[in-house]
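Input: a single structure, listed below in structure tokens.
Residue numbers (the numbering used here), protein chains in the order written: chain A, 21 to 383; chain B, 21 to 383.
Next comes the structure, spelled out in structure tokens:
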């Protein structure tokens, strides 16, 4: 587990910069109009982010012997694809903060109130509208970036088309199904869930795009349309599992993380009543009184800071956090052997370090 | 102008059926999950629609000597692309009806209230969420359909990639800019507009996708990546203008159309305060008292049926409707000569009939 060396973080940062600077290419800046749309489209891009999806796409490309520079537009594409889902999910979850700044709908709504003379309700609608349109544009941007692997690079056009179709049907539909289940679950009785259902939902929400990122990197590296290539499958099985574990860690940080480091509020998952393995295990181990207390606060939008803190304490004491942590470690443990089909290399080491980082990160 | 023969409607219907049945292919049905998402994704598809975009894409393909069957997935793609914009725009415009049924957000909200025990506010959020995710999926479906021109057909992969990039950057961004301007305009003083600004906004909202439809049909028909091909440019200039005229007719029908035939409420543009050439010309010709009356009702969400009716009367009397009608006819008149570069053919006749229909339709 001690593979997280300085080297890994330097390698991660190098790729993060490549992707960020590609997204800030002059060509794109003229695409977005009027100004409020342009600012909204770039807002999350301009903030610090982990860029774990583009990183693993590039590493997968290198791990199969491909040239990483051919995959940079695709790396930028998965980052942009992730970004539009954040913009829409933030609106759906009514979240105010993201990456240390306001979410798109909150920011646009504030501008409408402060600079456009909108009433409270008009401003709320306006914020919603700009966030919807911004995410829509970003989805299109992601697809356009993928096109450039062939239109501006040397990836065979049929490889790129295969990747676009996979992203826009299989991945997108899986991801939306996960988001829909997440919304629906929050309103269903907490007793009605088992961890398998929750893990399936998490995989849909997060694992699928990680799975795709590795597969895209490998297929570009090999310049092949063969989605069943042994190395591509191994890499995507690996990142698919890591993605689910990542989301478990995300759920943990959503309860006991540091707001400043995370850049978003802690406790909103409790107010939204998100169904997580944390609440599942805590509820399972709770006394009738503790169950009543949990039920009272989970999904209660009016819950006070004090009530939230008490529930956080309960989730810790009842083993919800520790059990979820163990589950995330187990999943990463199962993911690692997938890489056995790859020859040993610097890339393989980086991928294993990447996997450890997915669940050891505190931001 | 008398080119609208029975023949034209039969030809239109034939293509409408081809596209509708392609969209209902079994393969796609398994893509969408859970059930509420699946129903929402198909809801507008299952209702009667004009399918003017796919029709003109197929006609453009034929007009350059291409095989229409090669363009069917692309025709389905522009219809689906249009559909997702409807789903998101209906939410943005707070519209309740579309094609004779409830809009996606209204329908999902009703289900949440009636079958899921949601409160009024929870149901409203849920309707919003399902509509956002449904439009997102439909955008991806549109792109996937385009991919199939090459992955399942004989269009060169680089042609399809060129078309995907054009749709997902140029067309999408133009369209969203039009929608954003439309939203922003509605809150700005009615005196601050001129018809050119309104026509530019309408072209962005509607003309750009019509322009694209013809260009895509022609490029597929010629199997070329050359976006500057003379015939492709002529056809897309033609449909680009027709698209703006179509939207002028849409604005007219939004004021004096028949609700039942239209499948959506008449008068909501007045309540939303949409800036149209109709309101522009009426306002220009109005007395100070009439101006005050118009200002009082345009953009007033609480306006009564009677107030709306009086404004409709004013818009008619002050020449807003007739002036807009003339403008639409003038634009179609300017569009027609674009087709002179094409040899005479059955397709060319159908395209000219299609142009007339764009502004003579009453639904």
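For every residue, glycine included, the Cβ atom is placed at its ideal position computed from N, Cα and C.
Using a Cβ cut-off of 8 Å, which residues of the segment 139–158 of chain B contact any Cβ in chain A, in chain order?
142, 145, 146, 148, 149, 150, 152, 153, 155, 156, 157
Exercise. Which residues mark the beginning and the end of the alpha helix (DSSP H) in which residue 161 of chain B is found?
Worked result: In the second chain, residue 161 of chain B corresponds to position 141, counting from 1. Residues 140–171.
| said: For the pair the segment 68–85 of chain A and the segment 249–265 of chain A, tell me if three or more CB-CB distances fall below 8 Å. | reply: yes
Using C-beta distances below 7 Å, list every residue in its chain close to residue 449 of chain A, excluding the 5 sequence neighbours before and after it, in chain order. With chain A represented from 21 up to 383, any question about residue 449 of chain A goes unanswered, as that position is not in the structure.
Q | Environment of residue 338 of chain A [buried if 16+ CB atoms lie within 10 Å] | A | Within the first chain, the letter at position 318 stands for residue 338 of chain A. Classification of residue 338 of chain A: buried, given that the 10 Å Cβ count is 16 or more.
Report task. Could you please give the first and the last residue of the uninterrupted alpha helix (DSSP H) stretch that includes residue 367 of chain A? Result -> Here residue 367 of chain A refers to the residue found at position 347 when the first chain is read from its first residue. Per DSSP, residue 367 of chain A belongs to the alpha helix (DSSP H) from 366–380.
**Asked** For residue 53 of chain B, which of helix, strand or coil comes out of DSSP?
**Response** By 1-based counting over the second chain, the position of residue 53 of chain B is 33. In the structure shown, residue 53 of chain B sits in coil (DSSP, three-state: anything other than H, G, I, E or B).
* Three-state secondary structure (DSSP) at residue 44 of chain B? -> The residue labelled residue 44 of chain B in the question sits at position 24 within the second chain. If DSSP states are grouped into helix, strand and coil, residue 44 of chain B belongs with coil.
Option in A/54, A/203, A/80 with minimal Cα separation from residue 109 of chain A: For the purposes of this step, residue 109 of chain A is taken as residue 89 along the first chain, with counting starting at 1. Minimum Cα distance to residue 109 of chain A is reached at A/203.
*Assumed close pair residue 92 of chain A, residue 39 of chain A - CB separation to whole angstroms, cut-off 8 Å*: If you number the first chain from 1, residue 92 of chain A lands on position 72. If you number the first chain from 1, residue 39 of chain A lands on position 19. That belief holds up - the Cβ atoms of residue 92 of chain A and residue 39 of chain A are roughly 7 Å apart, short of 8 Å.
inquiry  = Runs of 4 residues minimum, wholly inside the segment 200–225 of chain A: which ones carry the alpha helix (DSSP H) assignment?
reply    = 215–222
Original post:
Under 9 Å between C-beta atoms, does residue 108 of chain B make it to chain A?
Top reply: Within the second chain, residue 108 of chain B is the residue found at index 88, counting from 1. Yes - at least one Cβ of chain A is within 9 Å of the one on residue 108 of chain B.
- Message: In chain order, what are the residue ranges of uninterrupted alpha helix (DSSP H) at least 4 long that sit wholly in the segment 246–285 of chain B?
- Response: 250–276, 279–282
Contained alpha helix (DSSP H) runs [length at least 4] in the segment 306–360 of chain B, N- to C-terminal order | 308–317, 325–337, 340–355
Do we get a CB-CB distance below 9 Å when we pair residue 1 of chain A with the residues of chain B? Residue 1 of chain A is absent from the model: chain A starts at 21 and stops at 383.
TODO: Check each residue of the segment 111–125 of chain A: if its Cβ is closer than 8 Å to any Cβ of chain B, include it; give the result in chain order.
DONE: 111, 112, 114
**OP:** For residue 10 of chain B, name the three-state secondary structure that DSSP assigns.
**Re:** With chain B represented from 21 up to 383, any question about residue 10 of chain B goes unanswered, as that position is not in the structure.
Rounded C-alpha distance that separates residue 190 of chain A from residue 234 of chain A
The residue labelled residue 190 of chain A in the question sits at position 170 within the first chain. The residue labelled residue 234 of chain A in the question sits at position 214 within the first chain. Using only the alpha carbons, I get a separation of about 15 Å.
Is there a Cβ of chain A sitting closer than 9 Å to that of residue 193 of chain B, yes or no? As a first step, residue 193 of chain B is located in the second chain; it is residue number 173 there, counting from the start. So, interface residue.
Span of the alpha helix (DSSP H) around residue 5 of chain A
Only positions 21 to 383 of chain A appear in this structure, which leaves residue 5 of chain A out of reach.
- prompt: Below 9 Å between beta carbons: does that hold for residue 81 of chain A and residue 237 of chain A?
  reply: On the first chain, position 61 is the one that residue 81 of chain A refers to. On the first chain, position 217 is the one that residue 237 of chain A refers to. Yes. Within cutoff.
* Give me the Cα-Cα distance between residue 83 of chain B and residue 123 of chain B, rounded to the nearest whole angstrom. => Residue mapping note: residue 83 of chain B aligns to position 63 of the second chain, counting from 1. Residue mapping note: residue 123 of chain B aligns to position 103 of the second chain, counting from 1. If you take the alpha carbons of residue 83 of chain B and residue 123 of chain B, they lie about 36 Å apart.
Proximal residues, the segment 207–233 of chain B versus chain A, C-beta separation under 8 Å
207
By how many angstroms is the C-alpha of residue 230 of chain A removed from the C-alpha of residue 373 of chain A?
Counted from its first residue, the first chain places residue 373 of chain A at position 353. Counted from its first residue, the first chain places residue 230 of chain A at position 210. Going from the Cα of residue 373 of chain A to the Cα of residue 230 of chain A covers about 16 Å.
- Task: Flag this pair as yes or no: are the beta carbons of residue 240 of chain A and residue 335 of chain A separated by less than 9 Å?
- Result: Taking the first chain and counting its residues from 1, one reaches residue 240 of chain A at position 220. Taking the first chain and counting its residues from 1, one reaches residue 335 of chain A at position 315. No, the pair does not count as a contact, with Cβ atoms beyond the cut-off.
Have a look at the DSSP bridge pairing and note the partners of residue 117 of chain A.
-> Here residue 117 of chain A refers to the residue found at position 97 when the first chain is read from its first residue. In the DSSP output, where bridge partners are listed per residue, residue 117 of chain A has A/122.
ask   = How should residue 346 of chain B be labelled, buried or exposed, when 16 other C-beta atoms within 10 angstroms of its C-beta is the threshold for buried?
value = To locate residue 346 of chain B, count along the second chain from 1; it is residue 326. Under this definition residue 346 of chain B is an exposed residue.
Which same chain residues, not among the five before or five after residue 177 of chain A, have their C-beta less than 6 Å away from its C-beta? Taking the first residue of the first chain as position 1, residue 177 of chain A is located at position 157. Hits under 6 Å: 170.
(Q) Which residues in chain A have a C-beta closer than 7 Å to the C-beta of residue 177 of chain B? List them in chain order. (A) Here residue 177 of chain B refers to the residue found at position 157 when the second chain is read from its first residue. Ordered by position in chain A, the residues that pass the 7 Å Cβ test against residue 177 of chain B are 177, 178, 181.
Within the 9 Å Cβ cut-off, does residue 383 of chain A reach chain B?
Indexing the first chain from 1 puts residue 383 of chain A at position 363. No - not a single Cβ of chain B is within 9 Å of the one on residue 383 of chain A.
Q. Whole-angstrom Cβ separation of residue 269 of chain A and residue 225 of chain A, contact assumed at under 8 Å?
A. Against the first chain, residue 269 of chain A aligns to sequence position 249. Against the first chain, residue 225 of chain A aligns to sequence position 205. Going by Cβ atoms, the distance from residue 269 of chain A to residue 225 of chain A rounds to 14 Å, so no, they are not a contact pair.
- Message: Can you list, in chain order, the residues of its chain with a C-beta nearer than 6 Å to that of residue 321 of chain B? Leave out the 5 residues immediately preceding and following it.
- Response: On the second chain, position 301 is the one that residue 321 of chain B refers to. Counting only Cβ-Cβ distances below 6 Å, and skipping sequence neighbours, we find 291.
Helix, strand or coil: which one does DSSP assign to residue 23 of chain A?
Stepping through the first chain from its first residue, residue 23 of chain A is reached at position 3. Its pLDDT being 48, under 50, residue 23 of chain A is placed unreliably in this model, and the coordinates cannot settle the point.
Counted within 10 angstroms of its Cβ, other Cβ atoms place residue 366 of chain B as buried (16 or more) or exposed: Position 346 of the second chain, counting from 1, holds the residue named residue 366 of chain B. The residue is exposed, with fewer than 16 neighbouring Cβ atoms inside 10 Å.
| query | Going by the beta-carbon positions, is the gap between residue 57 of chain A and residue 41 of chain B smaller than 9 Å? | reply | Residue mapping note: residue 57 of chain A aligns to position 37 of the first chain, counting from 1. Residue mapping note: residue 41 of chain B aligns to position 21 of the second chain, counting from 1. Taking 9 Å as the Cβ cut-off, residue 57 of chain A and residue 41 of chain B do not qualify as a contacting pair.
**Asked** Secondary structure at residue 363 of chain A, three-state DSSP: helix, strand or coil?
**Response** On the first chain, residue 363 of chain A is found 343 positions in, with the first residue counted as 1. Looking at residue 363 of chain A - three-state DSSP - the assignment turns out to be coil, as it is neither helix nor strand.
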